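Colleague:
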Amino acid sequence: MSAHTTHPVAANVGVSAYGRSEPTFETVMNMTSIDEQAAVLALTMATHDKPWHHTARAIAAAGSARKLFDGELDGLQDNDKAHAAAISGTVRHDDLDRARELISSMGSRGVGLVTVLDEDYPGNMFWTNSYQPFLWVRGHLAPEDHRSVAVVGEHDREHAAAAARILSAAGLTVVAPLHTEFGITVHENAGRTWGVLDRGMDQLQRSGRYATVADQVAERGALVSPFWPATIATDRTAALTPIVTCGSAAIVYVVDGRANGFSQRHVTDALKTGKPVFVPQQLHQEQPWVAQAGFRGGITAVQDIDDFCQQAVNLVDMASQPTMF
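Each residue of the sequence shown is one higher than the one before, counting from 0 in numbering that gives the first Met the number 0.
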């Protein structure tokens, strides 16, 4: 299956981008062979000199990770071909075996793998320049997740809680990082959510409020990690979470944020990929970086949360028909 013939672009992310509502380890294996998924992991492991999205793009363009693993590079553009040749020349069949073992081990613990070749890979992600080659998922993906809003911010948790409740009541999936007090508040007050991790699945806390919220998110939505399971949380991993937070959502809502802070990183990433960004009027008026970031368009100031929610619902519903490419 070629990802470039099945996934929609921009905010046009219909149900076809997701396939089934509750992918399990077994059904994912039926969707894309374990050899293909293992090859995606092996090629990613071999990617050392460039960000992983270069590998994701080459795999998606080829429509098969196993072809690239075997050195079949016909049909790729020059940049993708050069990158694919470099990484395929370093992988070995032992790498495939280790990848299969990892997939099996994680599956036995209730964590599924979704790769750039799978129907369940979030269609919204394909509009980002930095879409990742794979995501580990604890919980389940659902067809309605294309109707999603990322809620990000830094301090105003009361506003975040209200936004999460109203968006959930409108039937939208809420996406938020799950490594800050702000993010935890969003998840505690929303219905169905995606919790984007700043670490690998094996590094989740086993007790405390964080663990409790993570379990709740997995039960009613999905925990998502773009990292190897054993990856610990660092400043670098935290800096990469906006790629998935903004990429998997159709719209981004920024509650608050200071210059050069957490929120601004999300806004920058969202605007680069053409995702609509909404902010409260107060934030737009009080923080010069907001106006500067949106001087070419892409940022809309709203009067209140109800105003934003109405616009968000209209926007995702208008963009619900998939566009093929």
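Even for Gly, the Cβ is constructed at its ideal location relative to N, Cα and C.
Quantities reported herein were computed from a predicted structural model and do not represent experimental measurements.
1) Residue 251 and residue 151: beta carbons closer than 8 Å?
2) For residue 221 and residue 138, which I take to be in contact (beta-carbon distance under 8 Å), what is that distance rounded to the nearest angstrom?
3) Taking all protein chains shown into account, decide if residue 50 is buried (16 or more other Cβ within 10 angstroms of its Cβ) or exposed.
4) Can the beta-carbon of residue 210 be found less than 8 Å from the beta-carbon of residue 130?
5) Should residue 304 be labelled buried (16 or more other beta-carbon atoms within 10 Å of its own) or exposed?
6) Within the continuous beta strand (DSSP E) that includes residue 65, where are the two ends?
7) In or out: residue 66 buried (at least 16 other Cβ within 10 Å) or exposed?
8) Go ahead and pull the three-state DSSP assignment for residue 54.
9) Going along the chain, which unbroken runs of the beta strand (DSSP E) with 3 or more residues stay wholly within the region 111 to 168?
10) Quick one: Cα of residue 90 to Cα of residue 111, how far?
11) Which residues mark the beginning and the end of the alpha helix (DSSP H) in which residue 222 is found?
12) In the DSSP output, what is residue 193 paired with across the bridge?
13) Opposite residue 250 in the DSSP bridges: which residues?
14) Report the three-state DSSP secondary structure of residue 61 (helix, strand or coil).
15) Could you check whether residue 192 and residue 172 sit closer than 8 Å to each other, using their CB atoms as the reference points?
16) Taking residue 142 and residue 115 to be in contact with their CB atoms under 8 Å, please state how far apart those CB atoms are, rounded to whole angstroms.
17) On the premise that residue 85 lies in contact with residue 75, defined as a C-beta separation below 8 Å, what is that separation, rounded to the nearest angstrom?
18) Any idea what DSSP makes of residue 299, helix, strand or coil?
19) State the Cα-Cα distance for the pair residue 242 and residue 123, rounded to the nearest angstrom.
20) Whose C-beta lies closer than 6 Å to the C-beta of residue 301 among residues of the same chain, with five residues either side of it excluded?
21) Take residue 287 and list the residues in its own chain whose beta-carbon comes closer than 8 Å to its own, dropping the five residues that flank it on each side.
22) Do residue 236 and residue 295 come within 8 Å of each other at the CB atom, strictly closer than that value?
23) Once the 5 residues before and after residue 164 are set aside, which same chain residues still bring their CB inside 6 Å of it?
24) If you count every other CB in all the chains shown that lies within 10 Å of the CB of residue 268, and 16 or more means buried, which is it?
25) Could you work out which residue in 59, 100, 40, 35 is closest to residue 128 when comparing CA atoms only?
26) Going by DSSP, what residues sit across from residue 277 in a beta bridge?
27) Closer than 6 Å by C-beta to residue 38: which residues in its own chain qualify, once you throw out the five before and the five after it? Chain order, please.
Modeller: Considering the structure as presented:
1) Contact annotation: residue 251 and residue 151 have beta-carbon atoms nearer than 8 Å.
2) Going by Cβ atoms, the distance from residue 221 to residue 138 rounds to 4 Å, so yes, they are a contact pair.
3) If you draw a 10 Å sphere on the C-beta of residue 50, you find fewer than 16 other C-beta atoms in it, and that means exposed.
4) Result no, Cβ atoms of residue 210 and residue 130 do not sit closer than 8 Å.
5) That one is buried.
6) Under the DSSP assignment, residue 65 falls outside any beta strand (DSSP E), being part of the alpha helix (DSSP H) whose first and last residues are 64 to 68.
7) So residue 66 ends up on the buried side.
8) Residue 54 falls in the helix class under three-state DSSP.
9) Listed in chain order, the complete beta strand (DSSP E) runs (minimum 3 residues) inside the region 111 to 168 are 133 to 138, 147 to 151.
10) Answer to the nearest angstrom: the Cα atoms are 23 Å apart.
11) Under the DSSP assignment, residue 222 falls outside any alpha helix (DSSP H), being part of the beta strand (DSSP E) whose first and last residues are 221 to 224.
12) Note: residue 193 sits in a beta bridge opposite 174, 221.
13) DSSP lists 148 as the bridge partner or partners of residue 250.
14) Under the three-state reduction of DSSP, residue 61 is assigned to helix.
15) Against a cut-off of 8 Å, the Cβ pair of residue 192 and residue 172 comes out as a contact.
16) The beta-carbon distance between residue 142 and residue 115, rounded to whole angstroms, is 19 Å. This is too long to meet the 8 Å contact definition.
17) Contact flag wrong, Cβ pair sits at about 12 Å.
18) DSSP places residue 299 in strand when its eight states are reduced to three.
19) Between residue 242 and residue 123, the alpha-carbon positions lie close to 11 Å from each other.
20) The residues 277, 307, in chain order, have a CB closer than 6 Å to that of residue 301 in the same chain once the five nearest residues on each side in sequence are set aside.
21) Non-local C-beta neighbours of residue 287 in its own chain, meaning closer than 8 Å and more than five positions away in sequence, comprise 258, ordered along the chain.
22) A distance of 8 Å or more separates the beta carbons of residue 295 and residue 236.
23) Answer for residue 164: 188, listed in chain order.
24) If you draw a 10 Å sphere on the C-beta of residue 268, you find 16 or more other C-beta atoms in it, and that means buried.
25) The shortest Cα separation from residue 128 among 59, 100, 40, 35 belongs to 59.
26) Residue 277 pairs with 252, 299.
27) Only 64, 65, 68 meet the Cβ criterion.
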